[in-house]
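Chains as they are written, first to last, in our numbering: chain W, -18 to 524; chain S, -18 to 524.
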């Protein structure tokens, strides 16, 4: 039988000690429901399911129409161009079939859609170079595309840009088990890289819900943050080198396998997070972490965000070097996941906030002891109201589902997504303020008449990163107008970032000034001009 | 009495367990000898002594004469210029006295010397901006200077460049104990920052021998690596933001206090490691690590570099998340430290290699248990020959002396220093090859007739970073010609880096092509042109 920490607490006070075995979860209840969606991407045997792609029954409106965008002064694709690309690429490297083009033209949220008539799938960096050299000469606009799992419309065309998919560049080039340095093509799927590494006793220093579909090149190009940044740090630290092709076809060979190299400006950094606007990343060298020998997870219920902050402070102190994730989810987020799955909820009763804590270490006994002591303390001091600890790998996976399924389950009828960095204390105040604003305007509520379902918050507490989502019954311009620029103004007032990890893409191109001053924006534009004077790389986006 | 691990090993085999208490070091023997040098810089109460500056009894030859450098087409300082600087700076902000200028003109190795007649010491970023705007208009060359502890001649003038010292910008601006984010002026001395943080339960994520003198702005400008990169990662990951003044006086305001911010190119990265050639860093925002509650250190003697590598592999697996340093020193390095100090050697007998391992964690019992088990295993399997474990803070400091005193003690009569990244297996092969080459030419040996004393190696095994040093009795061009470009060619052949952490400065400006291809060098030059078209920032250096 499941014994919650909540029930254990009275015994704990008598025995002054909660044994780890009593902090259990009923595995039989917590089974992952079968997915109601058509999935694409490689996610066989995944700990984290790939982002589920519904069959493209509904098509998004064309981005250019929704957002009244004007086409830039770019060349138009001719049959001569296509003949050239066919001459340099393998047979399956040129996609023109209308149906086949669809998944490249639309993002997974079905919010953005372009009308490209050509997808190129090079196999080598040299082919990428040839393509870009040609496109630059003809001033043909291009969109680099990885797993197309981005959340800001950055990876799909706006008009008829040529899509350059990295999907066929998917080889692991080398791995050194002494140093932990992996070199791989940009198109390797994150989960494939991670599975490969696990067999060698290592892990990829990045993990995120879309791992079954996203590419490591795309991860680097967008400076993905994910679930374990708290532990393994930013890609700016762990990426050791990369290879990229510049707009004019020049190949930047920076695929260093060295942990330290102070010879010249660290050029690779420019490509990390530039979302394909300075060059196309074709390969990555990255420092990987040893696979933890022990992984624990606890799922906690808390009565207030103040208690969440207290728990975080104590986790940093007491779990310290073994703390690998600290995720917070509000009641709305969990209620929506519960509504759309058959998963048994980890905790009985309802709480305003839930926290998922993960530890990763090299000694199971030590980690268990640290976690047990930490949780005991929280119970004693009534910082947490309830909680469970995973007793095995299956339970651990199930607990993670309650965090990782949120993005997907919130997206049923469309969703407005904001990914912001704000000072910890203010984090969920934004969620409340948005809810109040939508309520006041009469656009949010429990029944069908309201376009918006709720203001929902969850995110990476350890990184000061909140995901504010407004799940919808249907897209409604009125809701969007209430949210933007309101959310950006709110974030700007507290000196936050309007994009913590998702990037700018198309969605936030016009809002960068809420996070960067005019001088910085000018410096960014200067760099863009230097690297891509004809602006053929991922136009209409970023800045 | 001191019981070495070496002696403990036979008992260990009987008892099958070496108790931590038996792995002890005789504290009374291991006392730090009084320093024979005149020291400058703030190193009161330091765990690590500041780099010792000998009184400037000997002056280096002028760099321009030693290296036959030609002065660039820069403006000559006039009395009008000086009047302007006096008008914008506080009274002590303009240094012109010949004797006072000396320490700004010469590097601490007494290898490089310039002849600047003006040092400016601004108090604010706005003053730095005014200075650069003026210098850019008049095309006056400038050298930014922090603690002047660099090892490649990057922080001193070559000719008459105006020195801009950040020493008077030394305030901590803010610290947030919830997030661990410190914001401080560039001129704050590393050790002062660390001491401040320790009082708040945190540490600076960087530590190096020069901590008592070096500035955090200089650390960031040179992308310093140091002793704990293995644990806390590169500054490219931990620096969250910075403020810098560009050549034309434009202030780049990137002093973000956010852990995550994906809005626009990560401009701060360009300034990290650009050694003052793109702008002058005036303030830094950095993510600091919680102060470890338990720190252990073990000092080991090993019979071969193969055993060192084995020890490193096992340390990564068994000490994993608590491993905070893994330093390797060869016999020569330890013999030289022993010669110039009264310190008692940690181990009896002589070994070809020594390793200093440090662990940092949150639970002393757990860390002790992990370290003990790890060392027991090494003894059982005869991977290590001898070893001691520090039993208290004093012993720990003493063990560290054997690593940290090397750079200073090697520098008595001058030293050629190389700081390279090479694949682990080849690391000490370079040291041997250099020794053989110098022997063959008859320039190295034990008596006064030989200009070179020995080829010496030590460094950060965890980062693949070797410090190859050739300590001298006197500088000799013949030795230099035997070493350069030989060392660079050697490193280039194994795809290493000719500067792992020290940077390029003046010393390696002409050797970057051994680590970077022509395309990368061109991209670096393009950036330099974009940011500093008149090339007034730190000329004659870098690239």
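A virtual CB, placed ideally from N, CA and C, is assigned to each residue, including glycine.
Going by C-alpha positions, residue 436/S is about 23 Å away from residue 493/S. Rounded to the nearest angstrom, the gap between the Cα atoms of residue 366/W and residue 383/W is 18 Å. Residue 425/S is classed as buried because its beta carbon has at least 16 other beta carbons within 10 Å across all chains shown. At a cut-off of 7 Å between beta carbons, residue 481/W contacts chain S.
Looking at the backbone, the Cα of residue 149/W and that of residue 504/S are separated by about 28 Å. Within the stretch 415 to 501 of chain S, the complete beta strand (DSSP E) segments at least 3 residues long are 437 to 441, 446 to 452, listed from N- to C-terminus. If you compare the alpha carbons of 395/W, 438/W, 403/W with that of residue 432/W, the shortest gap goes to 395/W.
By the C-beta density criterion, residue 49/W is exposed, having fewer than 16 other C-beta atoms within 10 angstroms.
Of the residues assessed, residue 330/W falls on the exposed side of the cut-off, its CB having fewer than 16 other CB atoms within 10 angstroms. Listed along chain S is no residue with a C-beta nearer than 9 Å to that of residue 448/W; the closest approach is about 12 Å. Contact between the stretch 194 to 209 of chain W and the stretch 156 to 175 of chain W is present, with at least three C-beta pairs closer than 8 Å. The C-beta distance from residue 333/S to residue 284/S rounds to 6 Å, short enough to meet the 8 Å contact threshold. Residue range 312 to 321 is occupied by the alpha helix (DSSP H) that includes residue 316/W, with no beta strand (DSSP E) assigned at that position.
Contact residues of the stretch 331 to 352 of chain W toward chain S are 341, 342, 343, 344, 347, 350, 351 (C-beta to C-beta distance below 8 Å).
In the DSSP assignment, residue 277/S falls within the beta strand (DSSP E) that extends over 275 to 283. Along the stretch 81 to 114 of chain S, there is no position whose C-beta sits under 8 Å from a C-beta of chain W.
Between residue 193/S and residue 172/S, the CB-CB gap stays under 7 Å. Annotation note: the stretch 240 to 264 of chain S contains the following uninterrupted alpha helix (DSSP H) runs of length 4 or greater, listed N- to C-terminal: 249 to 252.
Taking the beta carbon of residue 234/S as reference, the chain W residues within 8 Å of it are 498, 500, 501, listed in sequence order.
Of all residues in the stretch 209 to 242 of chain W, only 210, 214, 215, 217, 218, 219, 231, 232, 233, 234, 235, 237, 238, 239, 240, 241, 242 come within less than 8 Å of chain S when Cβ atoms are compared, listed by chain position.
Looking from the CA of residue 481/S, the closest CA among 296/W, 221/W, 135/W belongs to 221/W.
Taking each of 447/W, 338/W, 413/W in turn and checking the Cα distance to residue 388/W, the smallest one comes out for 447/W.
Taking all protein chains shown into account, residue 524/S has 16 or more neighbouring C-beta atoms within 10 Å of its C-beta and is therefore buried. Shown here for residue 227/W: same chain residues with a beta carbon closer than 8 Å to its own, the five before and five after excluded, namely 113, 233, 259, 260, 512, 513 in chain order. Per DSSP, reduced to three states, the secondary structure at residue 288/W is helical. Straight-line spacing of the CA atoms in residue 133/S and residue 84/W works out to 53 Å.
Rounded to whole angstroms, the Cβ separation of residue 144/S and residue 238/S is 31 Å, and the two are not in contact under 8 Å. Under the Cβ criterion of 7 Å, residue 190/S is not counted among the residues facing chain W. In the DSSP annotation of this structure, residue 199/S is not part of any beta strand (DSSP E); the continuous alpha helix (DSSP H) holding it starts and ends at 197 to 202. The way I'd put it, the stretch 338 to 352 of chain W does touch the stretch 296 to 304 of chain S; three or more beta-carbon pairs between them come closer than 8 Å.
Contact annotation, residue 122/W with residue 55/W: C-beta distance approximately 4 Å; criterion of less than 8 Å satisfied. The three-state reading of DSSP puts residue 398/W in strand, counting E and B together. Judged by DSSP in its simplified three-state form, residue 393/S adopts strand. Close to chain W, meaning a Cβ-Cβ distance shorter than 8 Å, are the following residues of the stretch 250 to 262 of chain S: 250, 251, 253, 254, 255, 259.
At least one beta carbon of chain S lies nearer than 7 Å to the beta carbon of residue 505/W. Between residue 104/S and residue 126/S, the alpha-carbon positions lie close to 14 Å from each other.
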